[in-house]
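Please read the structure below before turning to the comments.
2 protein chains.
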Amino acid sequence: MKINQDIKVAVDAVVFGYSENTLQVLLIKQRFGEAKGKWSLPGGFVLNDESLDQAVKREMKEETGLRTNFLEQLYSFGAVNRDNRFRVVTVAYLGLVNPKNYTLSPTTDASDAKWFPVKSIPRLAFDHKKIITLGLNRLRSKLNYQPVGFELLRSQFSFSELEQLYQTILEKSIDRRNFRKKILSFGLLDDTGILERGNSGRPAKLYSFNKKQYKLLEKEGYQLDIRFV
Amino acid sequence: MKINQDIKVAVDAVVFGYSENTLQVLLIKQRFGEAKGKWSLPGGFVLNDESLDQAVKREMKEETGLRTNFLEQLYSFGAVNRDNRFRVVTVAYLGLVNPKNYTLSPTTDASDAKWFPVKSIPRLAFDHKKIITLGLNRLRSKLNYQPVGFELLRSQFSFSELEQLYQTILEKSIDRRNFRKKILSFGLLDDTGILERGNSGRPAKLYSFNKKQYKLLEKEGYQLDIRFV
DNA sequence: TCAAAAGTGTTGGCGCTACACCCATGT
DNA sequence: ACATGGGTGTAGCGCCAACACTTTTGA
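Residue numbers (my numbering), protein chains in the order written: chain Z, 1 to 229; chain H, 1001 to 1229.
Pasting the structure below:
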């Protein structure tokens, strides 16, 4: 049976990072191709002998120099005219990362790689804007049923930082007392006993995620069910 | 830029149906190719000028004769050795349908199409077993946060049928009184005023889904949060 | 001593679980 | 009249939203 199909398979990654109280997306500037000079999501064509997962990781590494711990499939896009050179089906991934853990170092196809606040994303190549929107929605939902902070925060963090993270992503205000109670009730956090001095105001206790419980809840899910004020 | 990629793109559909108090999956028997004579999911290669969504619908129609109202993307599978003729990336879909609304009529590539209880699925081609498992998990989760019954039940149904549906899919027992209260509290059902006579026992009131509320809740989601007995 | 941010407790009400008996029909 | 399945009510309890002041530090 001869299959006369002429479709290319690509992967793209929507990688969110959180720094300076802002949610950011990682974009690269295309060095080649139709979208040359335009900003777009990191990603590229899948090689014949690598899986989809391997392909995203490789492309991320090549184009931005970073490697995320959290990376899961988001959605596949296959409209006929996504790319007007030829037909491309892309499998989009969602990644989360703490930008401070990496220095961006674009190599191969990308002439530049940069974090952009989600509030000010430039015009993007292809349908990448749509992909980011979907990724953002997914991230927002995830906050409600899975622990997510681990990938976005530094390894030790104050409760205020966690709270800020949620408020920033969800664009809502949270009651500090109730939020704290809920999070603590999941046994997700370990008190490190360390106080962070140096800022103004009362020093904050630093917490870390309890890895075991985190993994468990990641698998089982929970209902955070935050009520906003 | 020349891309030396040799990967085919396919779509596959995990279609669940519910009849005789049993959850069923739709399978076809391959007429051609490596998997000839084996049972597998309906699906096939995407044409150059059709979107992924169009492709699944077309393949379903061709191979089984049916058309589902509910059909959403499930996951994409791209392991290197899924198919040992050549590399195939498949975008899997999840479909729901009431088997009684359709007569199966395989045409083109399929020599047969048949419903199988999920409890007794034969050996399948490729990684299709894995895809079904994922689909089943997704269906189970969906029951908890989205109205789903509409596609699986006849247009008018008794409360017991709805309850049975949930119990069958989740493989759990539910308290009838509390279940009824929860479902009713969403305003999802309209009492048709019709009683179904003819069976033994007291006749059952028939309900239908309130389409407007159904659509709304499908979009917004809810927390059903069933407690089992 | 003031400004800034972190930390903390209680109450009232609502919602949910748990639970078992009566009802309408066919035979 | 009995078998079969359908339909219904409530009380008590646990949980959670709502809510504002105190503590610790640096300057």
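Ideal Cβ positions, reconstructed from N, Cα and C, are used throughout, including at glycine. Computed from a predicted model, the values in this text were never measured in an experiment.
- If you compare the alpha carbons of H:F1159, H:L1027 and H:R1067 with that of H:K1182, the shortest gap goes to H:F1159.
- Straight across, the Cα-Cα distance linking Z:T68 with Z:N210 is about 19 Å.
- Between the C-alpha atoms of H:S1019 and H:L1162 there is a straight-line separation of about 12 Å.
- In the structure shown, the three-state DSSP call for H:E1063 is helix.
- When the beta-carbon positions are compared, Z:G95 and Z:V15 come within less than 8 Å of each other.
- For Z:K215, no Cβ of chain H is located within less than 8 Å of the residue's own Cβ.
- Residue pairing by DSSP places H:F1016 opposite H:V1025 and H:L1096 in a beta bridge.
- In the structure shown, Z:S158 falls within a strand segment according to DSSP collapsed to helix, strand and coil.
- Note that the region 1078 to 1092 of chain H does not touch the region 1138 to 1149 of chain H; fewer than 3 beta-carbon pairs, one per stretch, sit closer than 8 Å.
- Any Cβ of chain H closer than 8 Å to the Cβ of Z:A204 would place that residue at the interface, and such an atom is absent.
- Relative to the Cα of Z:D127, the nearest Cα in the group Z:L224, Z:F32, Z:K38 and Z:Q24 belongs to Z:K38.
- Within the region 4 to 34 of chain Z, the residues whose Cβ lies closer than 7 Å to some Cβ of chain H are Q5, D6, I7, K8, V9, F32 and G33, listed in chain order.
- H:L1074 sits in a strand when the DSSP states are folded into three classes.
- Secondary structure of Z:G33 (DSSP, three-state): coil.
- The Cβ atoms of H:Q1073 and Z:S51 do not sit closer than 8 Å to each other.
- Z:E34 counts as exposed, since fewer than 16 other C-beta atoms from the protein chains shown sit within 10 angstroms of its C-beta.
- DSSP places H:F1209 within a strand segment (E or B) once states are collapsed to three.
- Residue-level contact by beta carbon fails for H:N1199 and chain Z, as no gap is shorter than 8 Å.
- In the displayed model, H:T1103 falls within coil according to three-state DSSP, outside both helix and strand.
- In this structure, the alpha-carbon of H:T1022 lies about 42 Å from that of Z:K129.
- Assignment of beta-bridge partners to H:T1090 by DSSP yields H:A1010 and H:F1077.
- Taking the C-beta atoms as reference points, Z:Y166 is found no nearer than 8 Å to Z:G221.
- Relative to the Cα of H:R1197, the nearest Cα in the group H:S1208, H:D1190, H:F1228 and H:F1157 belongs to H:F1157.
- Looking at the DSSP output, H:A1113 bridges to H:I1028.
- With fewer than 16 other Cβ atoms from the protein chains shown falling within 10 Å of its own Cβ, H:P1203 counts as exposed.
- Look at Z:E50: its C-beta is under 8 Å from a C-beta on chain H.
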